[in-house]
Structure formats: C-alpha cells, structure tokens
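In what follows, a single structure is set out as structure tokens and then discussed.
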Amino acid sequence: MSKDTEVDMKEVELNELDPEKQPMTGDGPAPGAEKNGSVKLKVPEDVVTFTGLSKEELMKVAGTPGWVRTRWVLLILFWLGWIGMLAGAIAIIVQAPRCKPLPEMNWWNEGPLYQIPDVVAFADGMEGVEAKLDAMNQLKVKGLVLGPLHSIQVDQPSTLDLKVIDPTQGKESELVAVLEKAHKKGISVVLDLTPNYLGAASWFSPADTSDVMAKLKAAAEHWLALGVDGIKFSDLSVATSSDEWSNLQAVVLGNHTEDMKKRALMGVVEGLSPNELSQLVNTSGVNLALSDLLSTKTAGVERIKAMDTLHTDQRSLAWGLGAAQRDQLSTLAKTPALIRLYQLLLFTMPGTPVFTYGDEIGLKAGGAGNFSKMVWDIEKAPAEGAVVDEAAETVRKEQVSVMKWFKSLSELRGKERSLLHGDYYPLYSSATSLAFLRLWDQSERYIAAVNWGDTPELLKLSLTPTEGVALPETATVRLSTGNSSLNALAEESEVRLDSITLESGEAVLLKFPYTV
344 MSKDTEVDMK
354 EVELNELDPE
364 KQPMTGDGPA
374 PGAEKNGSVK
384 LKVPEDVVTF
394 TGLSKEELMK
404 VAGTPGWVRT
414 RWVLLILFWL
424 GWIGMLAGAI
434 AIIVQAPRCK
444 PLPEMNWWNE
454 GPLYQIPDVV
464 AFADGMEGVE
474 AKLDAMNQLK
484 VKGLVLGPLH
494 SIQVDQPSTL
504 DLKVIDPTQG
514 KESELVAVLE
524 KAHKKGISVV
534 LDLTPNYLGA
544 ASWFSPADTS
554 DVMAKLKAAA
564 EHWLALGVDG
574 IKFSDLSVAT
584 SSDEWSNLQA
594 VVLGNHTEDM
604 KKRALMGVVE
614 GLSPNELSQL
624 VNTSGVNLAL
634 SDLLSTKTAG
644 VERIKAMDTL
654 HTDQRSLAWG
664 LGAAQRDQLS
674 TLAKTPALIR
684 LYQLLLFTMP
694 GTPVFTYGDE
704 IGLKAGGAGN
714 FSKMVWDIEK
724 APAEGAVVDE
734 AAETVRKEQV
744 SVMKWFKSLS
754 ELRGKERSLL
764 HGDYYPLYSS
774 ATSLAFLRLW
784 DQSERYIAAV
794 NWGDTPELLK
804 LSLTPTEGVA
814 LPETATVRLS
824 TGNSSLNALA
834 EESEVRLDSI
844 TLESGEAVLL
854 KFPYTV
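In my numbering, the protein residues as written are 344 to 859.
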C-alpha cells in the first residue's frame, strides 16, 4: 500500500470518531488546520525506571570506611542519649522530697463523733434515730455515741443491768436496725455504758467499782456481739484504777484480726491537767480519751499550752466544749458567732472533735439534767402567704447558716491531711485569743486563729524557728466567720500574717501552699 493511501485511511479513521469526541464547534476545522482534539505525544523509546541499589551494591557501599564511621557515631549518640535520660530520671527521683509515711488511722480519727445522750429528745426514740441517719451522714460524722440507754435507780448499784435498754428509749431490735443501717453508711456506733449516769458518782462508790466493772464487762460482751463498734464511759481514771480494767480491755480490744474494724474503748476525763491526761492516755491503753480541758481552760495561753502538751497524743485524744458532760456547745458558747468560732476550733485542733446533737445548728441547751428537743427541717422555708413569726424565722435562718458552716468545716477536715492528722505548731496566744498552724508533709498548710474576747485583737503570728517549717508573709482566707465582701477577712482575700485583726467573736481559717 502506498504512503498516500495510508494517510488517507488514518484521516478516515479520525473522521469516524464518536461524535461525543468530535470538536465542539459549529463549523468544521479551517482548511489546512490541524483537527481539534488531536494530541501529538512523543513517547521515548527507552524508559528508565529507578529500582534502587541491588543487595550486592548495598553491601559493597556499606562496607566503605565512611559509612562504617557514620553508623558507629549514630550508635554511640543513641546510647549516650539513653544513658543521659536514665541518669536524669534517677537524679530527679533522688533529689525529689520524700513523701512522709501516713500515720496509722482508725475510724474515730477520720471525722467528728456525734453524741446522742437522749434518743427521745433527739428523734422520739430509737426508731427515729434510724430515720435520721441520712441527716447524720450529710454532716460527715464518722461515729455516733448513743446513750446511756440503760435504766438505773440513782445510786443503787444492786439494780444495775447494763444489758437492758430503758423501754422509754427503745428496744434492742431497734438498736440492731440502727447498727445495720449506720454501718451501710460508713458510720460506727459507740454505746455509752456509764453505770450511774444520773447519780453524783459515775461508778457509785469506790467499794462498788469492782462489781460494777464486772457488770460492765459482761454488758460489753453482749453489745459488741450485736455489732456495736465500741463502748464509752465517764471517769476514765476511776475505771483504769480497778483490778477489772485489764479484763474489760481484753473484751473490747481482744479477738481482733487485721480484716476486722477496730473497736473503740472510749473514756471521759475531767479535772486532770494536760500532763496528767497525757500520762493516763499513754499508760491506760484507752483508744480515745474525751477531755474537758477546753471547757475548764478558758484563757488562750492555757489552751495553747494544753495543745502543746497533748498534740503528740492526737490520735488518742478527743476534744469537746461541753461534750464531756453531754451538753451542747451553747451551754458555754452563748451566741451564734461563738458557736461558729468553737466549731472551727474543734475541727482544726489536733485530735477528734466530739459534738452533742444540735451543735450543728446551735441548738439552745435545755439546762441541767434536761435535753432540748432537736429541731428538724430547718431548711424548709415557710409557705408563701403563710403568717410568719418574725422572731422564729430569724432563729431558723440563723440555724441554717450555722449548719452550713458546720458542714463546710466537717467536709474540709475530712479531705485535708494537714487538718486530719497533721503536725501542730503554736503561733500566738493571749487571754482571749489563740492561733496555731497545722501541716502535713507537702499538703496545703492551715492556720486557725480565733478571738472569743469582747474586744478586737491584733494578732502577730510568729513561729519558733523549726527545721523545714516556715511561715510566708501572707496567706489566703479559706473560711471566716465575719465573711463579707467588705470584711478585711473575706474568703479568698490575702492577709499579712504579722498583722491580723480579729473582731470580737471572730474566727478565721487561713491556708498557704507547701514550698520547697
């Protein structure tokens, strides 16, 4: 076939292309012009594709001196870097401050104890106590102290039966129900078995002590078998002097395994000096001693000295204002401001705070031998349109405010190690005021300062030089009884520690961070 014929055939094939592939023009191509859509490509005859080096070529290159040196340099740099990071990590661990080991804590060290000496006045009997356990749980209490519940003819030891509940207080089955529900909520229950609690002498007469102790031992066995978590009694010094003391200890504290919750042997101590109390705590083997020192030592200097002596015994020491006599705070703290002040003081002192029912709202004491009726549902405001007793409404609002303050303190103490089991350092004391520092290892530190006097007082806080402990120039207000936007000690404000003015009846809790 001639070349002209081949060209003509190719032109025919191009003209017969699919119309969709033809040029989109109204007229055909101009004469002599190339057909639109034609693409002329020059395809190289030899395409070179990179396939990398062969194994033989790589092996030949890898063995050259340059690459050998490079590999050794990279390997040495890798190991030097790895060793450097390891050394840095070890240096950080070695130089970092050691965490202080936590002290042994028992359930009575973890929160406040709440006394209910008269369950009828508290909640109309034992059944009412069970119904109010939710309210107790909101206060973050770790233990209830019930009773005394047994009936007694005053000063008649022959009629004493510590294993029988006074029918006016409730039934044994109702107590068991309280124990079961309380335990589910993480609340322990202690039974007050003070023998002659209505008489002049808790243990009757010295001649009766041994016989009464034997009855107490039998009663302890009975109640502990039912699930009670401990027993309490008054006049600890009298009990510990009895020949039966070791037998009572064996009943309460014996037969204890590591997986069991520890039982509490709790005694009330009245009239002893701080040194005498410390000696009794350390020689008697009692788990918790409730002291009356805060009630009998009314000067700030005396109270600070008592804490100076007793702070090392804090896990075996309980504080209360009126609690040793089963009285309310309001017996000695006559105003809402002072009730708040002593609540702050009790929650921050080194030891277990003990309150009597109603202290959380500032319930007025009923007087000698009488227990005030507990007030419930105070957070419920009067219905709209109802006739309101203005005086009663003022009291209700004040009780709500006091309870809110109590809950804030209880919650804070439960989560802050410095307040829970921290070390104690005195900072200031006078006739009507005091201040002290609580700290634990690297946790946030707290300063409690209170003034129960009738006039304002300027506190200049200072710390005896102690290794590893120092005061900053300023601290932050965490809680204040005089809190307001205009108050110098309003919450979250900064105050200088060398110049703190507390008004009459004012208390403040300050905080500052741990620094290296």
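Heads up, the beta-carbon is just placed ideally off N, CA and C, and yes, glycines get one too. As the structure is a computational prediction, the values presented were derived from the model and not from experiment.
Inset, instruction - Return helix, strand or coil for M609, following the three-state DSSP convention. - result: strand
Legend entry - Contact check, A525 vs L487, beta carbons under 8 Å: yes
Inset, instruction - For E515, name the three-state secondary structure that DSSP assigns. - result: helix
Legend entry - Nearest to K723 (by Cα), restricted to the options K604, S744, F714, E447: S744
Legend entry - Whole alpha helix (DSSP H) elements within the stretch 738-818, 4-residue minimum: 760-764
Inset, instruction - Closer than 8 Å by C-beta to V533: which residues in its own chain qualify, once you throw out the five before and the five after it? Chain order, please. - result: L456, G486, L487, V488, L489, V571, D572, G573, I574, K575, A607, M609
Legend entry - Other residues of its chain near G371: CB distance less than 6 Å, five sequence neighbours each side excluded: Summary for G371: the model assigns pLDDT 49, below 50, so the residue's position carries little reliability, and this model does not support an answer.
Inset, instruction - Decide if S841 is buried, meaning its Cβ has at least 16 other Cβ atoms within 10 Å, or exposed. - result: Going by the sequence as given, residue 841 is Asp instead of Ser. Under this definition D841 is an exposed residue.
Legend entry - C-alpha gap between T511 and R646, whole angstroms: 40 Å
Legend entry - alpha helix (DSSP H) runs wholly inside the stretch 459-543, at least 4 long, in chain order: 462-466, 469-474, 476-481, 515-527
Inset, instruction - Check whether the Cβ atoms of F749 and L482 sit closer than 8 Å, and answer yes or no. - result: yes
Inset, instruction - Could you say if the stretch 797-811 and the stretch 656-675 meet the contact criterion of at least three C-beta pairs nearer than 8 Å? - result: no
Legend entry - 7 Å Cβ shell around P374 - same chain, five flanking residues per side excluded: Its pLDDT being 49, under 50, P374 is placed unreliably in this model, and the value from its coordinates should be taken loosely. Answer for P374: no residue qualifies.
Inset, instruction - Spell out a yes or no on whether the stretch 655-673 and the stretch 616-626 are touching, meaning 3 or more CB-CB pairs, one atom from each, closer than 8 Å. - result: yes
Inset, instruction - Could you tell me whether the Cβ of S776 comes closer than 8 Å to any Cβ of chain C? - result: The structure shown contains no chain C; it is built from a single protein chain.
Legend entry - Beta-carbon proximity of Y789 to S823, cut-off 8 Å: no
Legend entry - Validate contact between the stretch 432-442 and the stretch 767-781 using beta carbons, cut 8 Å, 3 pairs: no
Inset, instruction - Give a yes or no on whether the C-beta atoms belonging to L845 and S776 are separated by under 8 Å. - result: yes
Inset, instruction - Compute the beta-carbon to beta-carbon distance between P808 and D651, rounded to the nearest angstrom, for a pair I have assumed lies under 8 Å. - result: Going by Cβ atoms, the distance from P808 to D651 rounds to 16 Å, so no, they are not a contact pair.
Inset, instruction - Work out the CA separation of V820 and L420 for me, nearest whole Å. - result: 53 Å
Inset, instruction - Find out if the Cβ-Cβ distance for the pair G848, A680 is shorter than 8 Å. - result: yes
Legend entry - Candidates D461, V851, M448: closest to Y700 by CA position: D461
Legend entry - Rounded straight-line distance, which links the Cα of T678 to that of A774: 19 Å
Legend entry - Per-residue burial, A735 [other beta carbons within 10 Å of its own, 16 or more giving buried]: exposed
Inset, instruction - Kindly indicate the opening and closing residues of the beta strand (DSSP E) around S589. - result: Segment 588-596 is the alpha helix (DSSP H) holding S589; no beta strand (DSSP E) there.
Inset, instruction - Would you kindly work out how many angstroms separate the C-alpha atoms of Y857 and W546, rounded to a whole number? - result: 49 Å
Inset, instruction - Kindly identify the DSSP beta-bridge partner or partners of Y457. - result: L487, F698
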